[in-house]
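Q: Could you have a look at this structure, given as structure tokens, before my questions?
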Amino acid sequence: MERVGQAVLGVLMVGCALFGPFPRPVPLLFAIAAVGTANAAFPMMRVFGSALLGGVAASSIALSSVPFVTCSTSKFTDVFTCTGDAPVWHLTGTVLVAGLSGASLVLARITNQ
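In the numbering used here, the protein residues as written are 84 to 196.
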């Protein structure tokens with residue numbers, strides 16, 4: 084049952100990375116989290132996958148507000164996409180990847196016990 088849950092989370096992560104309206108580097112975070120989910124589904128790789136998922140969750144939370152800060156001045160507009168509603172999609176994507184990574188991490192920990 085846990086592998087099915089990991090597979091569903093992995094498909095959601097890959098789908099968000101490929102088809103989501105998220106600006107860079109959010110699709111990269113989804114791709115890294117999908118690799119962590121795939122690794123966490125197998126017993127021998129569970130520790131590496133869990134570490135990768137924890138790192139993605141922490142880094143996505145840390146990156147969630149960066150576009151709002153950088154887009155507030157014209158000095159840093161080349162760091163992130165600041166046109167239209169890109170900062171909002173960036174925030175949405177980082178929160179989604181943190182939530183999906185956390186869910187996958189919980190499934191990996193439940194399976195480990």
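No residue lacks a Cβ here, since even glycine has one placed at the ideal position from N, Cα and C. Bear in mind the structure is a predicted one, so any value in this text is a computation, not a measurement.
L190 CB to nearest chain C CB: under 8 Å?
A: Within the model displayed, chain C is absent; a lone protein chain is all it includes.
Q: Under the rule that 16 or more other beta-carbon atoms within 10 Å means buried, what is M127, buried or exposed?
A: exposed
Q: With a threshold of 8 Å, are at least 3 pairs of Cβ atoms found where one atom belongs to the segment 85-103 and the other to the segment 170-190?
A: yes
Q: Hey, out of I193, L92 and L112, whose CA is closest to A145's CA?
A: L112
Q: Whole angstroms are fine: how far does the CA of L135 sit from the CA of R129?
A: So the alpha carbons of these two residues sit roughly 10 Å apart.
Q: Are the beta-carbon atoms belonging to V109 and T194 less than 8 Å from one another?
A: no
Q: I'd like the ranges of any alpha helix (DSSP H) spanning at least 4 consecutive residues and lying wholly in the segment 110-157.
A: 129-146 and 149-153
Q: Quick one: give me the first and last residue of the alpha helix (DSSP H) that G98 is part of.
A: E85 to F102
Q: Count the other C-beta atoms from every protein chain shown that fall within 10 angstroms of the C-beta of T166, then say buried if there are 16 or more, exposed otherwise.
A: Per the 10 Å Cβ criterion, exposed.
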